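First comes the structure, then the notes that go with it.
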């Protein structure tokens, strides 16, 4: 088997696995991008609750989450600092550019 192939089909998209996925391979012909910070709050499916943080993109801040310990989505961070560092730093890039007025050169 050749590298970069699955069976006889060439691998067209690939994802790098990190703590918080930015790219998810839904099939090997399409690569979907997911903004982790816009995923909804998700407690997961278990009942071993632990304090975690998630990013609420509508409020543009990190809030606490009672995470059940399994399943859930990638919008889940161990610390508030990790949440802010991952999501709030990216929000700066999304700010609208305003035209300056009243400045003379």
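Numbering (UniProt numbering), first residue to last: 1 to 105. Glycine included, every Cβ here is placed at the ideal spot set by N, Cα and C. Because the structure is a prediction, the values reported are computed rather than measured.
The UniProt domain "BPTI/Kunitz inhibitor" (37 to 87) is shown to contain whole beta strand (DSSP E) runs of 3 or more residues at 50 to 56 and 61 to 67, in chain order. The Cβ neighbour count for residue 87, taken over all protein chains shown within 10 Å, is at least 16; the residue is labelled buried. In this structure residue 65 touches residue 53 by the C-beta definition: roughly 6 Å separates them, less than 8 Å. The Cβ atoms of residue 68 and residue 47 lie closer than 7 Å to each other. Each residue's CA atom was taken as its position, placing residue 80 and residue 62 some 6 Å apart. Straight-line measurement puts the Cα of residue 51 at about 8 Å from the Cα of residue 78.
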